[in-house]
Structure formats: structure tokens, C-alpha cells
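Numbering (my numbering), first residue to last: 724 to 948.
This report refers to the structure that appears directly beneath it.
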């Protein structure tokens, strides 16, 4: 449970962030915060403060133009390769993480920066907090896309009071894989590049799920002989 002092600090951040965003984006951010806190109650109940802060900060540069995003990268000396340049929708996650220490230094915790940076593409080394922010951004209730609704139902339908910690963790990993499958499928259908971090993230969660298993599968899903 958050102390009154922490709640006051988060409320000030909430007001600051929403004041810089349009109504649609602000509503999404607030909904992501609520969804992230709900997911964290299952996986990281003692880290609600950082979870809420990460959720509030995850889209602070979402409304920047492509040119403004590239200017942030240039300002911080970040090289934008050809694949990334073809994926402007992922820019904001990285630029937000870059700007937080400058614009919100009191919230520039490494765990917060990591969660913000990875909330769009994922990565091979995602922490539980990274997963929570990534997933909350994807499934928060204002999202009306069919894939978002599908993933939301899949995730919450698998969370039950009687689940063990291990069962909940396995379910989270499966949800993450499904999210990457949905995202990559859409990108392929649209003829878009896929961020290498997304491919690496999907592979990493498949490996996590396979650890301890008795069957080994090859790339096309059939059992190895």
C-alpha cells in the first residue's frame, strides 16, 4: 500500500504528465497506470510505486513528431540504424527513457527507465516490471483493437486466486509470447520490418517456457528425433 506521501508524489506526476498530452493519450496513460497496478498486484505487489511511475512516464514523447524524436536521439548521441529508422512507432519508448533523467530526474530509477525503454519492442532480458508495463500498455481497457481485446481476455482469464506463483509466472510468459505473435503477425501482414528486440524477446520467453521441459522442439514446432 502506498503511503500518503508517495500518493501525493504520484498525483503530482500524474498531473504533470497528463498536462503535456492530448486528451486521448492522457486517458490511455491513466488507463495503463491502473492496469499496470492491477497486474502488479499479482506479480510485484511491493513495487506499486515504481510500476505506477513507469506507466505514467511511458508515453511522454508519444506525441512528438518523427523529426522531434530523431532530434532527441541526436541530442543524446544515439545512432538510429536502418531497421529502427523504418520503425518510427517505436521511437517514443526510447526517447522517453532518454528524457526522463532530464525532465523528471526524481523518477529516473533504473527500473523505471528500463520499463519505459522496453514497453514497445520488448527485449531478451525483460524484468517482471518491464513485462508489467509492456503488457499493461497493450491490454489497458481503452484499447479497442481486436488483438488487444484478445490478449486482455487471455491474460485475465488465466489469473485465478488458487494459482501458484509458478503458475502465474508461466501464464505471464505465455501471454508475452502471444503478444509478440500478434504484433509480429500484423507487421508481416503490413510488410513492415520487425525490431530485432521483438524477435529476441519472443525467443527468450519461449526458452523460459521450455526450461525444465522433457521435450525439445525444432524451429517449425515438431519434436526432434
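Glycine included, each C-beta is placed from N, C-alpha and C at the ideal position.
- For residue 913, no alpha helix (DSSP H) segment is defined, and its DSSP state is neither H nor E.
- Counting other Cβ atoms within 10 Å of its Cβ, residue 860 reaches 16 or more and is therefore classed as buried.
- Across the set 765, 920, 843 and 904, the C-alpha of 765 shows the shortest separation from the C-alpha of residue 887.
- The Cβ neighbour count for residue 812, taken over all protein chains shown within 10 Å, is under 16; the residue is labelled exposed.
- The alpha-carbon of residue 873 is positioned some 16 Å away from that of residue 896.
- Listed in chain order, the beta strand (DSSP E) elements of length 3 or more contained wholly in the stretch 801–831 amount to none.
- Fewer than three pairs of CB atoms, one per stretch, sit closer than 8 Å, so the stretch 892–910 makes no contact with the stretch 781–797.
- The beta carbons of residue 752 and residue 763 sit about 16 Å from each other, so the pair does not count as a contact at 8 Å.
- Scanning its chain for C-beta atoms nearer than 6 Å, with the 5 sequence neighbours on each side dropped, one finds around residue 789 the residues 811, in chain order.
- DSSP, read as helix, strand or coil, puts residue 922 in helix.
- Taken through DSSP and simplified to helix, strand or coil, residue 750 comes out as helix.
- In the displayed model, residue 755 falls within a helix according to three-state DSSP.
- Non-local beta-carbon contacts of residue 826 in its own chain, meaning distances under 8 Å to residues more than five positions away in sequence, involve 783 in chain order.
- In the three-state DSSP reduction, residue 900 falls in the helix class (H, G or I).
- With respect to residue 918, residue 806 sits close: the two C-beta atoms are nearer than 8 Å.
- For residue 821, the number of other beta carbons within 10 angstroms of its own is at least 16, and it is reported as buried.
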